[in-house]
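Quick notes on the structure that follows.
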Amino acid sequence: MNHLSSQSLPVSVISTFWLALFFLLIFFFLPLLVVFGVSFASRGLYGGVEWILTWDNYRRLADPLIGVIFFRSLIFAAMTTMVCAIIGFPLAYVVARVSPGWQLVWLTLVMIPFWTNFLVRTYAWILILRADGLVNGFLLTLGIQSEPLSLLFTDFAVALGLIYGYLPFMVLPLIVAIERISPRLEEAASDLYASRGAMFRYVVLPLSKPGFMAGGVLVFIPSLGAFITPYILGGGQKMMIGTLIQQEFLVSRDWPFGSALSFGLMGTALILWFLVNRTSLGKNVT
Amino acid sequence: MRSLPKPILLAGFMVLLFLYLPVIILIGFSFNASTMGVAWKGFSVQWYENLLADPSIVEATLNSLIIALISTALSLLLGLGAAIGLEKRRGLRASCMNTLILLPLVIPEILMGVALLMLFVMLQVPLGFGSIIIGHMVFNLPLTVVILRARLRKFNPAWEDAARDLGATSWNVLTSITLPMLRPAIVGAALLSFTVSLDDFVVTFFVAGPGSTTLPLKVFSMIKTGITPEVNALSAILVVVSMAFVGLSWLFQQEVPSSFLKNDSSS
């Protein structure tokens, strides 16, 4: 059927189709090629790009100082992904299994933070964590602490901000995955005397794996390249890949090295995305 | 259906609370008369009034609205053609396009920012409104296509075929069947693109030029210079507007004129 109707699309639709493709080629694909190209160029005297081809930028990635930053970012991203999976699961399970009347309400409440201003949501934590913020206010008033705790500009604050920021990215694919598990399987497990814990352990969790995979990528990739959170909640003191890239581009103005860093980041992200896309569910979620 | 186990329901609710609590606290603080600390010194809209009196905030608001409107409109225009075209095509070309459409949504934002910055500088495109609008379209266009396609896939193609059999031209089919069927998805996609554009910080941060400061850039620079009650007020406005629009967009995406749906009982 479809091949018949494809002949009869109006010219306006076909031309905007090509225009859209053209737009993405120029403003999405081409810029990535530029990053790739510049990553082999040399830095000019005044911060420009000189087209003397070199491997130096990639060699510099092996510098222990850079290695430490990459490692830090990987640890933070892995930790964020894991915590999001653990705390995201109960929420996703409730949304997937709540009665149909309530489902739209829960789903809407989960959808909203997914798209809501990331910068402002991160900023809100400053009010809670800073020296004269909410947490310290409580601790001091109740006399639990005599001195304010330093919570802001710590690794803890960055981790909390990343988990908070990217949690919805884990929950949504998990909801899709859990909804696909027939509730009858859970009933069957209970009928066969599985405890509630065993039912989750042996039925629900293994069948939710595609959701954990898709959600894992959606959380891992942006937290690996995170820039806002380490900058705002970490005070930009301890570098992560995101803050390092920003610094190379806007402060040190070493575009070739910044490009090599970006390309390393993108390579990691793309490999992950393709790996997960090969599982059937990833395709429908991302 | 069996009822949910209580501990799970409670855990789910706590996690949802975790998602909203900081935002609620932020909104609360924005009405606190106190300039320092957490102590509640009474209700005040002073900080909101200060925002209105600040010309740079008013300018940033206008910039943000203009950029969001134009990038949404253009994304919708291109996205409609891309979504309808993709839905009707098969084969290699369509699957290449599919990948090209989805990639901008999964690539780290900071990478898009620096890549576009270098492209614009090399092509000597001046940084400002134009570069920000293009930067926002790079994610708004794929977003629009994904939402429109989700709706297109649920439609019964028999309606279009019937119209064609009755002698409608392809233009007639588009304007009197396909587009009206898509209307809720179009509204939903537009609202969401508008919000995402209004909210974007990272890409904008890299491709903005002098005189094109948007609201998130303004918030960022205010946070850097020191936290004032005005930042709370501005952030509260942004977050409330953004939540309202996202919620509306989501509800529009749910609404489907039932007669247009595929009547297959299996789904």
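So the protein lines, in turn, are chains A and B.
Residues 60 to 345 in our numbering are what the first sequence spells out, letter by letter.
Residues -18 to 248 in our numbering are what the second sequence spells out, letter by letter.
Where a beta carbon is used, it is the ideal one built from N, C-alpha and C, also for glycine.
- Taken through DSSP and simplified to helix, strand or coil, R239(A) comes out as coil.
- In terms of CA proximity to L80(A), L61(B) leads the group I8(B), I91(B), V39(B) and L61(B).
- Under the DSSP definition of a beta bridge, S101(A) partners with E109(A).
- Here K268(A) is exposed. Its C-beta has fewer than 16 other C-beta atoms within 10 Å.
- When the alpha-carbon of I91(B) is set against those of V335(A), M299(A) and L210(A), the nearest one is in M299(A).
- When the alpha-carbon of T80(B) is set against those of F316(A), L84(A) and S209(A), the nearest one is in L84(A).
- Where Q105(B) is concerned, there is no enclosing alpha helix (DSSP H), because DSSP gives it neither an H nor an E.
- At a beta-carbon threshold of 9 Å, the residues of chain B lying near L193(A) are I6, F10 and V19, ordered along the chain.
- L210(A) is positioned such that its CB atom lies no closer than 7 Å to that of Q204(A).
- From the beta-carbon of S223(B), the residues of chain A found nearer than 9 Å are I171, W174, T175, N176 and V179.
- Just so you know, the alpha carbons of P159(A) and V235(A) end up roughly 15 Å apart.
- Taking one beta carbon from each stretch, the stretch 164 to 176 of chain B and the stretch 119 to 131 of chain B have 3 or more pairs nearer than 8 Å; the two touch.
- Residue environment analysis places R189(A) among the buried positions, since at least 16 neighbouring C-beta atoms fall within 10 angstroms of its C-beta.
- Per DSSP, W161(A) is one residue of the alpha helix (DSSP H) stretching across P159 to W174.
- Across the structure, I128(A) and D122(A) are spaced so that their CA atoms are roughly 10 Å apart.
- In the DSSP assignment, the residues bridged to F24(B) are N13(B).
- With respect to the 7 Å criterion, F212(A) and G301(A) are not classified as neighbours on the basis of their beta carbons.
- Distance from the CA atom of D250(A) to the CA atom of A328(A), rounded to whole angstroms, is 43 Å.
- Of all residues in the stretch 308 to 320 of chain A, the ones placed with a Cβ closer than 7 Å to any Cβ belonging to chain B are F308, W314 and G317, in chain order.
- With fewer than 16 other Cβ atoms from the protein chains shown falling within 10 Å of its own Cβ, S241(A) counts as exposed.
- With a threshold of 7 Å between beta carbons, A63(B) makes contact with chain A.
- Closer than 8 Å at the C-beta level to chain B, one finds these residues of the stretch 294 to 305 of chain A: G301, I304 and Q305.
- Annotated as proximal: G220(A) and T288(A), with beta-carbon spacing under 7 Å.
- The Cβ atoms of Y225(A) and V278(A) sit closer than 7 Å to each other.
- In the DSSP assignment, K268(A) falls within the unbroken alpha helix (DSSP H) covering K268 to L283.
- Collapsing the DSSP output to three states places W184(A) in a helix.
- Judged by their CB atoms, G270(A) and L120(A) are not nearer to each other than the 7 Å cut-off.
- Secondary structure of M298(A) (DSSP, three-state): coil.
- Nearest CB-CB separation between L233(A) and chain B: not below the 7 Å threshold.
- Judged by beta-carbon spacing, S101(A) lies within the 7 Å limit of T113(A), meaning their Cβ atoms are closer than that value.
- A Cβ-Cβ contact shorter than 7 Å links E211(B) with W28(B).
- Taking a contact as a CB-CB distance under 8 Å, the pair A273(A) and P232(A) counts as one, their CB atoms being some 4 Å apart.
- By the Cβ-count criterion, C143(A) is buried, with 16 or more other Cβ atoms from all chains shown falling within 10 Å of its own Cβ.
- Interface annotation, F76(A): in contact with chain B, CB-CB separation under 7 Å.
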